[in-house]
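Numbering (my numbering), first residue to last: 9 to 344.
Cβ coordinates follow ideal geometry from the N, Cα and C atoms, glycine included.
Take a look at the structure set out below.
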Amino acid sequence: MTTSSASTGRPEDGTVASSGRYIFVLMNNFTMLSFAGAIEALRIANRMVPNSYVWKLAGEGGETAVCSAGITYGLDMDLTELQRDDIIMLCGGVDVQAATSKKLLNWLRREARRGVKIGALCTASYTLASAGLLDGKKATIHWENQDSFAEEFEDVELTKSVFVADGNRMTTAGGTSSIDLMLNIIATDLGEEVANMVADQQIYSSIRTDQDQQRLSIPTRIGVRHPKLSRVIQEMETNIEEPISPSLLAKEVGMSTRQLERLFRRYLNRSPKRYYMEIRLQKARNLLMQTDMSVINVALACGFASPSHFSKCYRAHYDTTPYRERGAHSAKTGGI
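Here it is as structure tokens:
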């Protein structure tokens with residue numbers, strides 16, 4: 009395990025940063041890539057326009073935080089009262105539910121009432137939503153957590169964008185999307201020319217906007233560029249709770265059921281029914297691992313008429329039952 013000291017980004021001449029002070033709150037098992045991408049953008053911006061940004065690292069206890077890669081970071085401060093013009097960047101990662109403590113939620117609510125602007129990197133959108141700070145707002149979260157988030161937080165308008173800024177709340181999808189958010193902030197604060205210079209320093213050739221989607225297109229994901237196949241898969245991914253029959257899917261793209269069967273066999277080496285089942289089971293696994301939904305409700309949310317049928321299909325695919333899967337995950341993480 010390696011220990012990394014915190015860097016405050018404080019101007020050497022003691023002046024106050026012109027564009028605000030960022031408080032990076034490092035949750036347990038936070039994702040290093042999202043955190044590093046965001047803070048590096050600020051550091052490079054300070055090279056272009058000195059004394060633009062200041063940052064500090066915070067967390068529960070105020071001593072250290074460990075990222076999902078096992079690296080320990082020294083913190084500058086505990087969860088204390090902030091200045092009103094501070095900007096919180098909450099950094100989430102693996103098992104964000106376990107890292108979302110009552111102390112953290114209460115602190116976030118208190119700072120939000122004081123008017124502090126709050127952003128969430130990677131899975132930290134879950135924590136903001138748990139605090140009720142995303143109700144009625146647009147937000148995003150890593151695609152792997154979208155299913156569970158949508159089930160748990162109905163008052164949040166979930167999008168698939170790489171990042172979202174809605175009023176005084178900001179959320180990102182994880183990975184390099186934090187770079188896109190920070191580059192857009194820098195463009196607002198210091199101008200697009202500076203933001204482009206920062207991107208150039210990072211060898212970041214295309215700055216994405218809040219209109220860009222976080223996942224690869226279906227043709228890129230499956231490695232096949234066939235418009236009708238892509239349309240059918242999109243319909244499958246959109247209709248999980250109430251699956252559409254292969255005959256109706258075929259009809260929607262102007263094919264016979266047999267033609268659709270041959271198309272899937274040729275390009276994906278499985279039947280449409282099997283491919284659809286795998287999509288539904290993947291969503292079910294996400295819900296089991298990331299929420300406290302009952303197994304019955306997970307089954308219904310993924311289009312299974314009964315828990316017994318769900319359990320049978322799940323075991324055939326994952327070689328374990330839904331109950332055992334959840335029990336093993338809870339034992340590993342200490343529960344959700």
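- Item | Segment contact flag, the stretch 93-106 with the stretch 27-39, C-beta cutoff 8 Å, min 3 pairs | yes
- Locate the beta strand (DSSP E) running through W115, then write down its first and last residues. Within the sequence shown, numbered from 1, the residue matching residue 115 stands at position 107. Run containing W115: none in the beta strand (DSSP E); it sits in the alpha helix (DSSP H), 110-121.
- Item | Helix, strand or coil at Y30 [DSSP, three-state] | For the purposes of this step, residue 30 is taken as residue 22 along the sequence shown, with counting starting at 1. In the structure shown, Y30 sits in a strand (DSSP, three-state: E or B).
- Query: DSSP state of G101, grouped into three classes?
  - Reply: Counting from one through the sequence shown, the residue named residue 101 turns up at place 93. Strand, per DSSP.
- Query: With respect to the alpha helix (DSSP H) encompassing M40, which residues constitute its N-terminal and C-terminal limits?
  - Reply: Locating residue 40 in the sequence shown gives position 32, where the first residue counts as 1. That run of the alpha helix (DSSP H) goes 40-56.
- Leaving aside the five residues before and after S169 along the sequence, list all residues of the same chain whose C-beta is less than 6 Å from its C-beta, in chain order. The count along the sequence shown starts at 1 and reaches residue 169 at position 161. So the list reads T148, D218, once near-sequence residues are dropped.
- Message: Can you tell me whether R273 is helix, strand or coil according to DSSP?
- Response: Translated into positions along the sequence shown, residue 273 becomes position 265. R273: helix per DSSP, three-state reduction.
- Task: Inspect the beta-carbon positions of K64 and D86 and report whether they are closer than 7 Å.
- Result: Your numbering for residue 64 matches position 56 in the sequence shown. Your numbering for residue 86 matches position 78 in the sequence shown. Going by C-beta atoms, K64 is not nearer than 7 Å to D86.
- First through last residue of the alpha helix (DSSP H) which encompasses R282: On the sequence shown, residue 282 is found 274 positions in, with the first residue counted as 1. Run containing R282: 280-298, per the alpha helix (DSSP H) assignment.
- Item | Burial state of D346 (16 or more Cβ within 10 Å) | Outside the shown range of the chain (9 to 344) lies residue 346, about which nothing can therefore be said.
- Query: Helix, strand or coil: which one does DSSP assign to M347?
  - Reply: In this structure the chain extends from 9 to 344, so residue 347 is not present and cannot be described.
- Item | Three CB pairs or more closer than 8 Å across the stretch 160-180 and the stretch 120-132 | yes
- Task: May I ask which residues mark the beginning and end of the alpha helix (DSSP H) holding V202?
- Result: Here the question's residue 202 lines up with position 194 in the sequence shown. Note, V202: alpha helix (DSSP H), 200-209.
- Query: Should P235 go down as buried or exposed, given a rule of 16 or more other Cβ atoms within 10 Å for buried?
  - Reply: By one-based count along the sequence shown, residue 235 stands at place 227. By the 10 Å Cβ count, P235 comes out exposed.
- Cα-Cα separation between F318 and I304, rounded to whole angstroms: The residue given as residue 318 occupies position 310 in the sequence shown. The residue given as residue 304 occupies position 296 in the sequence shown. Distance between the alpha carbons of F318 and I304 is about 9 Å.
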